[in-house]
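Number of protein chains: 2
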Amino acid sequence: MSRTARECSIANALAVVGERWSLLALREVMLGARRFDQIVENTGASRDILAARLRSLVAAGVLEKRQYSEHPPRHEYLATEAGRALQPVLLGLMDWGDRYVTAGPPPTVWRHSCGAELRPRCVCASCGEQVEANGVTPVRLGDVRPVTDVRPTG
Amino acid sequence: MSRTARECSIANALAVVGERWSLLALREVMLGARRFDQIVENTGASRDILAARLRSLVAAGVLEKRQYSEHPPRHEYLATEAGRALQPVLLGLMDWGDRYVTAGPPPTVWRHSCGAELRPRCVCASCGEQVEANGVTPVRLGDVRPVTDVRPTG
DNA sequence: GGTGGTAAGTTTGATTTTCGGACGTACCGT
DNA sequence: ACGGTACGTCCGAAAATCAAACTTACCACC
Numbered sequence: 122m123s124r125t126a127r128e129c130s131i132a133n134a135l136a137v138v139g140e141r142w143s144l145l146a147l148r149e150v151m152l153g154a155r156r157f158d159q160i161v162e163n164t165g166a167s168r169d170i171l172a173a174r175l176r177s178l179v180a181a182g183v184l185e186k187r188q189y190s191e192h193p194p195r196h197e198y199l200a201t202e203a204g205r206a207l208q209p210v211l212l213g214l215m216d217w218g219d220r221y222v223t224a225g226p227p228p229t230v231w232r233h234s235c236g237a238e239l240r241p242r243c244v245c246a247s248c249g250e251q252v253e254a255n256g257v258t259p260v261r262l263g264d265v266r267p268v269t270d271v272r273p274t275g
Numbered sequence: 122m123s124r125t126a127r128e129c130s131i132a133n134a135l136a137v138v139g140e141r142w143s144l145l146a147l148r149e150v151m152l153g154a155r156r157f158d159q160i161v162e163n164t165g166a167s168r169d170i171l172a173a174r175l176r177s178l179v180a181a182g183v184l185e186k187r188q189y190s191e192h193p194p195r196h197e198y199l200a201t202e203a204g205r206a207l208q209p210v211l212l213g214l215m216d217w218g219d220r221y222v223t224a225g226p227p228p229t230v231w232r233h234s235c236g237a238e239l240r241p242r243c244v245c246a247s248c249g250e251q252v253e254a255n256g257v258t259p260v261r262l263g264d265v266r267p268v269t270d271v272r273p274t275g
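Order-wise, the sequence lines are chains E and H.
Numbered per our numbering, the first sequence spans residues 122 to 275.
Numbered per our numbering, the second sequence spans residues 122 to 275.
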């Protein structure tokens, strides 16, 4: 594994949702595709990898697995509060992808409860101003320290 | 590769910055660690993988590679406008990691230009209200279509 | 002019992960 | 009994990742 790394909540967050297919699986659950085969179809992940990802997301408390039929046994995946709290990350990625990667118009559009087409903005909770990269400065940094393993177990 | 997948800017964004170490490398550049050895030390990535990630981020227009010394030849990496535009994603991940993953106090703290400790919030650009997961509904979804390759070239 | 150090990678060979297709299990409908 | 659906697991092949050693290019000191 790695020798040293900065102690950092970005790294910690990515250890939980940063592996391939994890955020896309969460996206599907948020979009209402809650069943295994739908998530496979809509993400394009391999069945075994997706099963592993869903297991680890459930273990991390991001998703919840619920049985909605006993005969036959059928399950669905729901976002927990922690999972719903990732919405800003998904919306941020979508907005960035719309602007800098996707050619043509945004493939997916959301509506906010105010009635408008949702365009997410990142603002400072204190002053309400939009956060610009040059208006933000690190004031305390996590230490760089020896690590044995950066990655999630499982 | 995969058979089908949803056309989606989240997936497109992740094809550019979703591989392991990419966002952590960008984090380091944002924090002011612009040189190769610093990024290796602070992320914990292998040198060869990091070199590949930096190459692909430069190719995608997220980072820029600049020579700051000719003798000896030395280089640094800077965030482009597209790279700086990922700040909300990094802050969103950090905030989520602080809340749901990292034990104890936030390892890294930023200050906003207003003087306050930065706490990022995701709001609707139209009404300014904070975006809650249950206040957002998809109104148009990208098609699920056959794909040959979801991943970035390189 | 030889030794040591720094910076930015590249090479190497072993390990780990991912891939997609086939298979398994449990049930339902006809 | 046969076909279909849902939710995975298993398999061997292919690709990605790992850590350490090596390379190149320069500078500083003795």
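Even glycine gets a Cβ: it sits at the ideal position worked out from N, Cα and C.
Taking K186 of chain E as the centre and dropping the five residues before and after it, the same chain places the C-beta of V179, H196, Y198 closer than 7 angstroms to its C-beta, in chain order. The beta carbon of H196 of chain E sits no closer than 9 angstroms to any beta carbon of chain H.
Boundaries of the alpha helix (DSSP H) around P209 of chain H: 208-221. Rounded to whole angstroms, the Cβ separation of L211 of chain E and L147 of chain E is 7 angstroms, and the two are in contact under 8 angstroms. Note on geometry: alpha-carbon atoms of C248 of chain H and V161 of chain H lie some 42 angstroms from one another. The C-beta distance from L184 of chain H to L171 of chain H rounds to 12 angstroms, too long to meet the 8 angstroms contact threshold.
Judged by beta-carbon spacing, V244 of chain H lies within the 9 angstroms limit of V252 of chain H, meaning their Cβ atoms are closer than that value. For the pair A206 of chain E and W231 of chain H, the CB atoms are not nearer than the 9 angstroms cut-off. If you draw a straight line from the Cα of F157 of chain H to the Cα of M215 of chain H, it is about 23 angstroms long. Residue contact check for D169 of chain H against chain E: no CB pair falls below 9 angstroms.
Residue contact with chain H for E140 of chain E: present (Cβ-Cβ distance below 9 angstroms to some residue of chain H). Proximity of chain H to Y221 of chain E at the Cβ level (cut-off 7 angstroms) is accounted for by A203, A206, in chain order. Annotated three-state conformation of T229 of chain E is coil, per DSSP. Taking the Cα positions, S234 of chain H is about 10 angstroms away from A254 of chain E. Ranking E:C129, E:A132, E:V137 by CA distance to the CA of A203 of chain E puts E:V137 first.
At least one CB atom of chain E sits nearer than 9 angstroms to the CB of P227 of chain H.
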